[in-house]
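K.L.:
Handing you this structure, nothing more for now.
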Amino acid sequence: MKLLQVPTAHLEERIKEELEENPALESGEDGHEDNFEETKDEFETPEDEFDNEGSEDEYGNIDISEYVSEGDDDIGDYRLRDENYPELEETKTIPHRVETSFHETLIDQLTMLDLDERQQKIAEQIVGSIDDDGYLRRDLSAITDDLAFRQNIDSSEQEIEHIIKRIQQFDPPGVAARDLRECLLLQLERKSGESKPVEIAEKVIEKYFEEFTKKHYEKIQRGLNLTDEQIKGVINQIIRLNPKPGGQVGDTNKMENYVIPDFFVINNNGKLELSLNSKNAPDLRISEGYRDMLKDYDRGTKKDKRQKEAVLFIKQKIDAAKWFIDAIKQRQHTLLSTMQTIMDYQREFFLTGDETEMRPMILKDIAERTGLDISTVSRVANSKFVQTEFGTYRLKFFFSESLVTDSGEEVSTREVKKILSNLIEAESKKHPLSDEKLTDLLQGKGYNIARRTVAKYREQLNIPVARLRKEL
0 MKLLQVPTAH
10 LEERIKEELE
20 ENPALESGED
30 GHEDNFEETK
40 DEFETPEDEF
50 DNEGSEDEYG
60 NIDISEYVSE
70 GDDDIGDYRL
80 RDENYPELEE
90 TKTIPHRVET
100 SFHETLIDQL
110 TMLDLDERQQ
120 KIAEQIVGSI
130 DDDGYLRRDL
140 SAITDDLAFR
150 QNIDSSEQEI
160 EHIIKRIQQF
170 DPPGVAARDL
180 RECLLLQLER
190 KSGESKPVEI
200 AEKVIEKYFE
210 EFTKKHYEKI
220 QRGLNLTDEQ
230 IKGVINQIIR
240 LNPKPGGQVG
250 DTNKMENYVI
260 PDFFVINNNG
270 KLELSLNSKN
280 APDLRISEGY
290 RDMLKDYDRG
300 TKKDKRQKEA
310 VLFIKQKIDA
320 AKWFIDAIKQ
330 RQHTLLSTMQ
340 TIMDYQREFF
350 LTGDETEMRP
360 MILKDIAERT
370 GLDISTVSRV
380 ANSKFVQTEF
390 GTYRLKFFFS
400 ESLVTDSGEE
410 VSTREVKKIL
420 SNLIEAESKK
430 HPLSDEKLTD
440 LLQGKGYNIA
450 RRTVAKYREQ
460 LNIPVARLRK
470 EL
């Protein structure tokens with residue numbers, strides 16, 4: 000269960016840890032020759048150095064028959080990849096972005112400020128306090144305390160504020176702002192003098208920020224004596240600004256904008272083909288050298304205490320390696336079984352990419368079809384991704400409750416949300432649709448839905464109320 004929760008991106012590191020801890024486990028790339036040689040020495044002690052005292056009875060007879068047999072279950076062939084997993088042999092190339100992180104970008108820009116050693120430490124403390132989205136949300140007093148306790152620097156809030164102002168001139172524009180209002184102003188200041196709308200936009204954010212966020216444009220027009228054309232120009236200037244300057248730089252949002260899929264679904268002329276990311280299928284096997292050491296022990300006539308200790312160690316390591324390979328195999332089986340069932344259940348979506356074709360589906364539906372526990376299906380659904388020709392989705396995307404239409408047909412709430420989203424997207428932004436009107440339109444399409452449910456779905460889609468969707 001623990002391995003099932005490990006993301007594909009981290010599975011390689013988990014396997015590396017196991018390889019380092021267990022010399023009896025090998026990967027396809029290399030073995031563990033150093034560890035093997037150290038253990039092998041235990042079997043090459045000269046006969047005159049054998050300690051025979053208590054050697055026959057202290058450990059009893061060690062049964063290693065299952066480890067040295069030459070039958071079909073030969074331990075030497077105990078490996079992860081075999082004929083049961085042909086689809087895992089294909090290598091899927093996953094591109095990786097090589098780039099500088101957001102905070103590294105800021106640190107690099109500190110060299111342009113010509114700071115002395117003390118100021119450099121203060122600046123680095125400030126940069127380290129900036130959030131991944133580009134904001135400096137720590138109070139000046141807290142930064143002062145951090146400098147005193149961690150850097151042994153006695154600074155004032157005025158000194159820190161002065162350095163913050165200099166950092167706010169860094170790229171991307173808006174970085175190190177304390178709130179959204181300051182962030183937008185910093186970006187507009189960079190554009191100052193470009194055009195009249197920019198100058199007016201600065202005044203709007205300075206004096207009427209709250210009214211602007213609530214779209215009380217009439218009040219702004221009256222206060223600044225603006226024409227309809229001028230207020231439109233101001234709005235166009237402001238909505239092009241970046242509310243999260245740190246979100247576009249480096250790898251801070253890499254997991255949001257770019258994920259490593261666990262599965263690939265391909266539509267091959269109407270036949271859906273599922274494959275597992277090859278990163279989930281490493282080439283692991285039991286060390287042949289360690290098995291040969293057991294054979295040497297089995298063939299030997301003199302078995303002293305030291306050799307028996309070594310053979311017990313080898314047995315434990317081989318058992319642990321077998322267990323780990325079995326656990327990885329079980330992980331693969333569970334992932335493929337769950338994804339195959341989801342793909343079969345939502346076949347129409349995977350063929351068309353149309354969310355309105357999605358069927359109502361809950362964890363219990365997949366658990367019953369796979370024979371897995373609901374908690375197991377939940378772990379897979381919440382932590383795994385599938386890449387399709389229509390995009391990459393988290394598996395939980397395909398799960399939704401049902402809603403009954405006027406005709407008595409059960410449809411997915413995902414379908415209703417998609418239609419709701421389409422209605423809002425097609426509305427007139429001068430006269431956006433209220434929740435009541437949206438409810439009437441959905442009911443007119445046969446969906447038996449209440450206004451409060453429409454409001455709940457709209458909020459889940461991160462769509463604001465009608466008043467905040469209004470445009471001039």
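In numbering that gives the first Met the number 0, the protein residues as written are 0 to 471. Note that CB positions come from ideal geometry on N, CA and C, so glycine has one too.
Give the secondary structure of Glu409 by DSSP, where H, G and I count as helix, E and B as strand, and everything else as coil.
P.N.:
If DSSP states are grouped into helix, strand and coil, Glu409 belongs with the strands.
K.L.:
What residues in its chain sit with their C-beta under 7 Å from that of Gln236, if we drop five residues either side in the sequence?
P.N.:
These residues qualify, in order along the chain: Pro196, Val197 and Ala200.
K.L.:
Can you tell me the Cβ-Cβ gap for Ile129 and Ile142, rounded? I've got them flagged as a contact below 8 Å.
P.N.:
Actually they do not touch by this definition, with Cβ atoms about 11 Å apart.
K.L.:
In this structure, how does DSSP classify Thr226 when only helix, strand and coil are distinguished?
P.N.:
Residue state, collapsed to three classes: coil.
K.L.:
Less than 8 Å separating the beta-carbons of Ala326 and Leu24?
P.N.:
Going by C-beta atoms, Ala326 is not nearer than 8 Å to Leu24.
K.L.:
According to DSSP, simplified to helix, strand and coil, what is Ala176?
P.N.:
Note: Ala176 maps to strand in three-state DSSP.
K.L.:
Could you give the first and the last residue of the continuous alpha helix (DSSP H) run that contains Lys436?
P.N.:
From DSSP, the alpha helix (DSSP H) with Lys436 extends over Asp434 to Gly443.
K.L.:
Do Lys416 and Leu460 have their beta-carbon atoms positioned less than 8 Å apart in this structure?
P.N.:
A contact, by the Cβ cut-off of 8 Å.
K.L.:
Can the beta-carbon of Ser427 be found closer than 8 Å to that of Ser411?
P.N.:
Cβ atoms of Ser427 and Ser411: not closer than 8 Å.
K.L.:
Using DSSP's beta-bridge definition, name the partner residues of Val453.
P.N.:
Per DSSP, none; premise fails for Val453.
K.L.:
Does the separation of the CB atoms of Met357 and Leu273 fall below 8 Å?
P.N.:
Cβ atoms of Met357 and Leu273: not closer than 8 Å.
K.L.:
What's the call for Ile238, buried or exposed, on a 16-neighbour Cβ count within 10 Å?
P.N.:
Classification for Ile238: exposed.
K.L.:
Where does Tyr207 sit, in a helix, a strand or coil, going by DSSP?
P.N.:
Looking at Tyr207 - three-state DSSP - the assignment turns out to be coil, as it is neither helix nor strand.
K.L.:
Do the CB positions of Pro22 and Ser377 come within less than 8 Å of each other?
P.N.:
No, they are not a contact pair.
K.L.:
Between Ile204 and Leu225, which are expected to be in contact by the criterion C-beta below 8 Å, what is the C-beta distance as a whole number of angstroms?
P.N.:
Not confirmed; about 14 Å, so no contact.
K.L.:
Have a look at the DSSP bridge pairing and note the partners of Ile129.
P.N.:
DSSP output for Ile129 lists Leu135 as bridge partner(s).
K.L.:
Determine the burial state of Asp439: buried for a count of at least 16 other Cβ atoms within 10 Å of its Cβ, exposed for fewer.
P.N.:
By the neighbour-count rule (16 or more Cβ atoms within 10 Å), Asp439 is not buried but exposed.
K.L.:
Output needed for Ser382: all residues of its chain with C-beta closer than 7 Å, excluding positions within five of it in sequence on either side, in chain order.
P.N.:
Hits under 7 Å: Gln4 and Pro6.
K.L.:
Which term fits Pro463, buried or exposed, when burial requires 16 or more other beta carbons within 10 angstroms of its beta carbon?
P.N.:
Label assigned to Pro463: exposed.
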